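Position one of the sequence shown corresponds to residue 25 (the working numbering), numbered consecutively onward.
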Amino acid sequence: MGGQAILGVSNLSAGYGKTQILYELSMSVMRDQLTLVVGPNGSGKSTLAKAIFNLASIFSGDVFFKERNVTKLTPEEKIIIGMRMVPQLSNVFENLTVRENLETIYFAIKYPKKNFEDSLEYVFSIFPILRDKQYEKVRTLSGGERQMVALARALVAKPELIIFDEPTAMLSPALSNLILSKIREINESGVAVLLIEQNVKTALRISDYVYVLVSGRKVLEGVSERFINNFSMLEDAFFGKSPGSEFR
25 MGGQAILGVS
35 NLSAGYGKTQ
45 ILYELSMSVM
55 RDQLTLVVGP
65 NGSGKSTLAK
75 AIFNLASIFS
85 GDVFFKERNV
95 TKLTPEEKII
105 IGMRMVPQLS
115 NVFENLTVRE
125 NLETIYFAIK
135 YPKKNFEDSL
145 EYVFSIFPIL
155 RDKQYEKVRT
165 LSGGERQMVA
175 LARALVAKPE
185 LIIFDEPTAM
195 LSPALSNLIL
205 SKIREINESG
215 VAVLLIEQNV
225 KTALRISDYV
235 YVLVSGRKVL
245 EGVSERFINN
255 FSMLEDAFFG
265 KSPGSEFR
């Protein structure tokens, strides 16, 4: 991997309570890249995201952000220094408007009020449909539009890194493709991305580098193009069998 790492995970073992899910995992996210994490259900992908944000039990290992050890920082402290995570569930306030959803995260970080409109314009340049719906309650939006709000909330205060945990879950193939294309656009705007995704084939096409987790361990990694051109290598790493319905 070329470039400079903005996020580093070193020999990370983590889980919940006394139950270990991840085993001595090491990986990096480059500043200018979209890094993908894939694996079968139960492989520890979401646990990785939560452990990076100190939302899971860390048994050993370290997390670095811009070469600073941030393992023990709270989620709030990690947000303040430029890290974001978009969880799979509970990622928007449904009873607030689109604009209010963006305001809550922006002002919670105590950014200057005078810069909010500029930040909105930045978000609306990527999600133009939200400009027209900014005064509508999120609960009235479609599933795809709600997910756009979740992505916009992560983006509005201009972070340096966003972790997306299965952002296309429960979306149609067409909406999944749209959301993933928007995540690529976010990356191309200058934000490093760590994407955890089950829609493997489509995610490979928008990513630069991929890690494969199985049973809490890293079993394979490489540039995404390598696996696009040899998808059976990924399938063998996942299941050790011929292509199955798990891949789209």
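Cβ coordinates follow ideal geometry from the N, Cα and C atoms, glycine included. All values reported here derive from a predicted model rather than from experimental measurement.
Look at glycine 85 here: in three-state DSSP terms it is strand. Rounded to whole angstroms, the separation of the alpha carbons of valine 147 and arginine 241 is 36 Å.
As DSSP reads the structure, arginine 108 sits in a beta bridge with Ile186. In the structure shown, the three-state DSSP call for arginine 55 is coil. The continuous beta strand (DSSP E) containing serine 34 extends over residues 29 to 40. Counting C-beta atoms within 10 angstroms of its own C-beta, threonine 98 has fewer than 16 neighbours from the protein chains shown and is therefore classed as exposed.
Excluding five sequence positions before and after proline 111, the CB atoms of its chain that fall closer than 7 Å to its own CB belong to Asp189, given in chain order. Take the alpha-carbon of alanine 261 and the one of leucine 244: they are about 7 Å apart.
In the three-state reduction of the DSSP assignment, lysine 157 falls in the coil class, being assigned neither a helical nor a strand state.
Looking at the backbone, the Cα of leucine 58 and that of isoleucine 133 are separated by about 25 Å. By the Cβ rule, the stretch 59 to 78 does not count as touching the stretch 145 to 162, because fewer than three pairs are nearer than 8 Å. Contact check for isoleucine 186 and valine 215: beta-carbon distance about 6 Å, within the 8 Å limit, so the pair qualifies. If you draw a 10 Å sphere on the C-beta of phenylalanine 131, you find fewer than 16 other C-beta atoms in it, and that means exposed. Under DSSP, the beta-bridge partners assigned to asparagine 93 are Phe88.
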